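All remarks here apply to the structure that follows.
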Amino acid sequence: MRRSVIRSVVGLLCAASLGAAGFVWLKDHPEHDPWAPLVLTDPTGWATSMKVRALRADRAECRAFLDRSLIVAEALPPAGEGQCLRDDRQVLASAAQADVALTPRGVQATCAVDAGLALWLRHGVQPAAQRILGSQVARIEHLGTNSCRRIGGGSAGNWSEHATGNAIDIAAFVLEDGRRIGVLQDWGDKGDKAAFLRAARDAACDSFSTVLSPDYNAAHADHLHLDQARRTGGWAACR
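Just so we're aligned: 153 in the working numbering is position 172 of the sequence shown, and the numbers increase by one with no gaps anywhere.
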């Protein structure tokens, strides 16, 4: 009986030690801690995708993420109506893109799109540009965020995420050294430009709910479609 009690006590002490060690490790590695708030400067880890999904569902948490990451975005009053009501509307600040300019300027989108762009640029686009092309991205050319239409532009079917400004179409990247990498012109290239575009597409799948590229269909031959659609189960589409 005494030995049994001693074994139990030793077991509890070991479990407590392991728990304490795990707590300290998670504190030093917030990217793996599901309870630690998401911060832009944290590396990606086991819990990152879960935290990114939470930003899509919780506008307050999304804005808190921008604040924690020192990202400034100007909130705007709601616009539109019905299926095209944009009640989460803000101007994407350059800081939200890690000092990467967006052309045209003044683009409006949801907080979740802003957060996705910030994460994508820091952890995906800029590392890929430096690794593959030897230069950072200075400017991104886009085709817009909001358009009151259904998917495919028809009169029937599901509404596009563009209807509420919850999407952005990326057409090209301009590097600090002046080179321009365009989706339409360079996707079919066999060299570094195409490799970079595919790396950027793949990395976007970690920060956005939907990523559609020229590999998906002809309608996306000239851009990468990135959106933050909320889906039951949190599944993502990356094509």
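C-beta atoms are modelled at their ideal positions from N, C-alpha and C, and glycine is treated no differently.
Keep in mind it's a predicted model, so treat the numbers as computed, not measured.
Asked	Found
Beta-carbon proximity check, Asp173 vs Ile121, cutoff 7 Å	no
Pro11 to Ser50 span [Cα, whole Å]	14 Å
Backbone secondary structure at Trp140 - three-state DSSP	strand
Beta bridge counterpart(s) of Glu55 as assigned by DSSP	Val72
contact_flag[the stretch 202 to 211, the stretch 136 to 150] where n(CB pairs < 8 Å) is 3 or more	yes
Three-state class that DSSP yields for Asp208 in the structure shown	strand
Boundaries of the beta strand (DSSP E) in which Leu83 is found, first to last residue	Ala82 to Thr84
For Ala82 and Leu124, the rounded distance between their alpha carbons	14 Å
Unbroken alpha helix (DSSP H) run spanning Thr29, endpoints	Thr29 to Ala38
Bridge partners - Leu156, DSSP secondary structure assignment	Val118
The stretch 18 to 36 in contact with the stretch 58 to 74 per 3-pair CB rule at 8 Å	no
Arg161 - containing beta strand (DSSP E), residue span	Arg161 to Gly163
CA-to-CA distance, Thr29 to Pro285, given in whole angstroms	In the structure displayed, the chain extends from -18 to 220; residue 285 sits before or after that span and is not available.
Top-ranked residue by Cα proximity to Ile52, from Gln166, Arg130, Gly63 and Val94	Val94
Whole-Å CB distance - Arg212 paired with Ser190, under 8 Å assumed	7 Å
Test item: CB-CB of Ala99 and Leu21 under 7 Å	yes
Cross-strand partners of Thr191 (DSSP beta bridge)	Asp208 and Ala218
Where Trp27 falls, given that 16 or more other Cβ within 10 Å makes a residue buried	exposed
For Ala1, the three-state DSSP class (helix, strand or coil)	Since pLDDT at Ala1 reaches only 48, below the 50 mark, its modelled position is unreliable, and the value read off the structure follows with that caveat. Three-state result, Ala1: helix.
Nearest neighbour of Gln64, chosen from Gly97, Arg130 and Cys43 [CA to CA]	Arg130
Under 7 Å between C-beta atoms of Ala199 and Gly105	no
Inter-residue spacing [alpha-carbon to alpha-carbon] between Phe4 and Leu47	Note on Phe4: pLDDT 47, under 50, position unreliable in the model; the coordinate value appears next. Cα to Cα, Phe4 sits roughly 26 Å from Leu47.
Enclosing alpha helix (DSSP H) for Asp173 [first to last residue]	Asp173 to Ala185
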